[in-house]
Amino acid sequence: MLEAAQSAGSRPQEHVHWCPKEEHNRVNRECAPNLSGTSSLGLLGIGRVSSLIVTSPWLPGTCLDDSWIHPRNLTPSSPKHIEIQLRLARTQHGDLVPVVHIEWTLQTDASILFLEGVELSVLQLNTNERLCVELEFLSQLSHHRKRWRFAFSHFVVEPGQEYEVTVHHLPKPIPDGDPNHLSKKLLVPDCEDSRMKIATPCVSSGSLWDPNITVETLEAHQLLVSFMLWNESSHYQILLNSFPHMEDHSCFEEFHQRANLTLPLHSSNWCCHHRVQVGGRDAHRCGRVYTGGPSCQGAR
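Here UniProt numbering is used: the first residue of the sequence shown is 1, the next is one more, and so on.
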């Protein structure tokens, strides 16, 4: 739920605008759209509501506030300051996922009397996917001689992606009015980051897999490659970079904990080092590399 720094004041209620209009997501209700064509952006469950995933029928997520159609004469100013952090949170099913933690403070001016709510949005920059949530205040905010500060931590993001987070006060200004929003960018580390390695999306792609690759030169110009298998995959791709025109080789292994693969080498003895890469089902993200190798006999 939205967290507020002041205990005496308006209590916010949440609306997820990419759900059908009659299915606004409330604390004790769940809007569960069809999961076909899911996006990488998601919204972590709030209270007893399970995790929600944005789906194609609700993209792009544009919170169409009523103030766009019916402009107000008096509108609130922009937030004074926003801060964003990357955190790891548990879903209802126990998955550890990266989320954006957003904190923002209000200006200490009279516009607080006209603040009806806030629109939070996260834009994934490389795909232009946007997830938007509107928070509506049920009563007028009062100052209580303290500055209002809010926090929201339910946007689920993807490792290795860059996002733009926007906090927009409602109602929105007239077309020629001063903007009343603030934005900040967030770059989420990829699965090589020590903190992100334990997140469920990274673990599922092999971030904790250590294949322990070894390479041995055999007789008759053969190379023996050994590695530990990953418990999440049974299909592997072996890439050997020793010669300019060497083709990729792949093997299939099901039940053993370690696999051995013998690759034929060129008859020339001038190659003394090899670079072997082993990848699982998502080789570009979870591949492991061995560089080196035994010295060739009589190499020059």
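For glycine and all other residues, C-beta sits at the position ideal for the given N, C-alpha and C.
Inset, instruction - Apply the 10 Å Cβ neighbour rule to Ile-174 and answer buried if 16 or more other Cβ atoms are within range, or exposed otherwise. - result: For the purposes of this step, residue 174 is identified with residue 174 of the sequence shown, where counting begins at 1. When all chains shown are included, Ile-174 counts as exposed.
Inset, instruction - Return yes when the Cβ of Glu-164 is within less than 7 Å of the Cβ of Leu-131, no when it is not. - result: What you label residue 131 is simply residue 131 of the sequence shown in a count that begins at 1. What you label residue 164 is simply residue 164 of the sequence shown in a count that begins at 1. Contact flag unset, no.
Inset, instruction - Determine the direct distance from the alpha carbon of Gln-85 to that of Pro-79, and round the result to whole angstroms. - result: Along the sequence shown, one-based indexing puts residue 79 at 79. Along the sequence shown, one-based indexing puts residue 85 at 85. Roughly 17 Å between the two C-alpha positions.
Legend entry - Candidates Asp-66, Asn-73 and Cys-63: closest to Asp-176 by CA position: For the purposes of this step, residue 176 is taken as the residue at position 176 of the sequence shown. The alpha carbon of Asp-176 has as its nearest neighbour, out of Asp-66, Asn-73 and Cys-63, the alpha carbon of Asn-73.
Legend entry - CA nearest to the CA of Leu-265, picked from Asp-190, Asn-241 and Gly-279: Against the sequence shown, residue 265 aligns to sequence position 265. For the residues Asp-190, Asn-241 and Gly-279, the minimum Cα distance to Leu-265 belongs to Asn-241.
Legend entry - Nearest candidate by alpha-carbon position, reference Asn-212, set Arg-195, Ala-259, Ile-198 and Glu-129: Within the sequence shown, residue 212 is the residue found at index 212, counting from 1. It is Ala-259.
Legend entry - DSSP state of Ile-198 mapped onto helix, strand, coil: Translated into positions along the sequence shown, residue 198 becomes position 198. If DSSP states are grouped into helix, strand and coil, Ile-198 belongs with the helices.
Legend entry - Endpoints, alpha helix (DSSP H) assigned at Trp-68: If you number the sequence shown from 1, residue 68 lands on position 68. Trp-68 -> alpha helix (DSSP H) spans 66 to 69.
Legend entry - Beta-bridge partners of Phe-152, as assigned by DSSP: Residue numbering aside, residue 152 sits at position 152 when the sequence shown is read from its first letter. Secondary-structure assignment with DSSP links Phe-152 through a beta bridge to Ile-102.
Inset, instruction - Please specify which runs of the beta strand (DSSP E), each continuous and at least 3 residues long, are wholly inside the segment 74 to 136, giving them in chain order. - result: 81 to 90, 96 to 105 and 117 to 124
Inset, instruction - Give the DSSP-derived three-state secondary structure of Ser-183 in the structure shown. - result: By 1-based counting over the sequence shown, the position of residue 183 is 183. Three-state DSSP puts Ser-183 in a strand.
Inset, instruction - For Gln-161, count neighbouring C-beta atoms within 10 Å of its own C-beta (all shown protein chains included) and say buried if the count is 16 or more, exposed if not. - result: Position 161 of the sequence shown, counted from the first residue, corresponds to residue 161. The residue in question, Gln-161, is buried, as its Cβ has 16 or more Cβ neighbours within 10 Å.
Inset, instruction - Within 10 angstroms of the Cβ of Leu-170, are there 16 or more other Cβ atoms? Answer buried if so, exposed if not. - result: The sequence position of residue 170 within the sequence shown is 170, counting from 1. Leu-170 should be labelled buried.
Inset, instruction - Would you mind reading off the limits of the beta strand (DSSP E) that contains Arg-275? - result: Counting from one through the sequence shown, the residue named residue 275 turns up at place 275. Segment 274 to 279, the beta strand (DSSP E) holding Arg-275.
Legend entry - For Pro-173: DSSP bridge partner residues: Residue 173 sits at position 173 when you count from the first residue of the sequence shown. Looking at the DSSP assignment, Pro-173 forms no beta bridge with any residue, so it has no partner.
Inset, instruction - Reducing DSSP to helix, strand and coil, say where Val-204 ends up. - result: Mapped onto the sequence shown, residue 204 falls at position 204. Note on identity: in this sequence residue 204 is Ser, with Val being the wrong assignment. If DSSP states are grouped into helix, strand and coil, Ser-204 belongs with the helices.
Legend entry - Nearest residue (CA-CA) to Val-97, options Ile-82, Leu-64, Asp-190 and Val-225: As a position in the sequence shown, residue 97 is number 97, starting the count at 1. Here the closest residue by C-alpha is Asp-190.
Inset, instruction - Return helix, strand or coil for Ser-226, following the three-state DSSP convention. - result: Position 226 of the sequence shown, counted from the start, is the residue given in the question as residue 226. DSSP places Ser-226 in strand when its eight states are reduced to three.
Legend entry - 7 Å Cβ cutoff met for Ser-121 and Thr-166: Position 121 of the sequence shown, counting from 1, holds the residue named residue 121. Position 166 of the sequence shown, counting from 1, holds the residue named residue 166. Cβ atoms of Ser-121 and Thr-166: closer than 7 Å.
Inset, instruction - Would you mind working out which of Trp-230, Val-100, Phe-152 and Lys-197 sits nearest Leu-135, comparing C-alpha positions? - result: Translated into positions along the sequence shown, residue 135 becomes position 135. Comparing Cα positions, the closest option is Phe-152.
Legend entry - Residue from Phe-150, Glu-83, Glu-119 and Arg-145 whose Cα sits closest to the Cα of Ser-67: In the sequence shown, the residue the question calls residue 67 occupies position 67. Among Phe-150, Glu-83, Glu-119 and Arg-145, the Cα nearest to that of Ser-67 is on Glu-119.
Legend entry - Coarse secondary structure for Leu-265, derived from DSSP in three states: If you number the sequence shown from 1, residue 265 lands on position 265. When DSSP states are grouped into helix, strand and coil, Leu-265 belongs to the coil group.
Inset, instruction - Given a cut-off of 7 Å, decide if Leu-115 and Pro-76 are closer than it, judged by their beta-carbon atoms. - result: The residue you call residue 76 lines up with position 76 of the sequence shown. The residue you call residue 115 lines up with position 115 of the sequence shown. A contact, by the Cβ cut-off of 7 Å.
Legend entry - Straight-line Cα distance separating Leu-229 from Pro-201: Sequence index remark: in the sequence shown, residue 201 carries index 201 (1-based). Sequence index remark: in the sequence shown, residue 229 carries index 229 (1-based). Near 19 Å, if we compare the C-alpha coordinates of Leu-229 and Pro-201.
Legend entry - Euclidean distance between Cα positions of Glu-216 and His-274: For the purposes of this step, residue 216 is taken as residue 216 along the sequence shown, with counting starting at 1. For the purposes of this step, residue 274 is taken as residue 274 along the sequence shown, with counting starting at 1. Glu-216 and His-274 have their alpha carbons spaced roughly 10 Å apart.
Inset, instruction - Would you kindly work out how many angstroms separate the C-alpha atoms of His-81 and Gln-107, rounded to a whole number? - result: Here residue 81 corresponds to residue number 81 of the sequence shown, with the count starting at 1. Here residue 107 corresponds to residue number 107 of the sequence shown, with the count starting at 1. Roughly 9 Å separates the two Cα atoms.
Legend entry - Alpha-carbon to alpha-carbon, Cys-63 and Val-133: The residue labelled residue 133 in the question sits at position 133 within the sequence shown. The residue labelled residue 63 in the question sits at position 63 within the sequence shown. Distance between the alpha carbons of Val-133 and Cys-63: 7 Å.
Legend entry - Among Val-203, Gln-222, Glu-83 and Pro-71, the one whose alpha carbon lies nearest that of Leu-182: As a first step, residue 182 must be located in the sequence shown, where it is residue number 182. Closest option to Leu-182, Cα to Cα, is Glu-83.
Legend entry - Own chain, CB closer than 7 Å to Gly-94, minus 5 neighbours either side, in chain order: As a first step, residue 94 is located in the sequence shown; it is residue number 94 there, counting from the start. Nothing meets the Cβ criterion.
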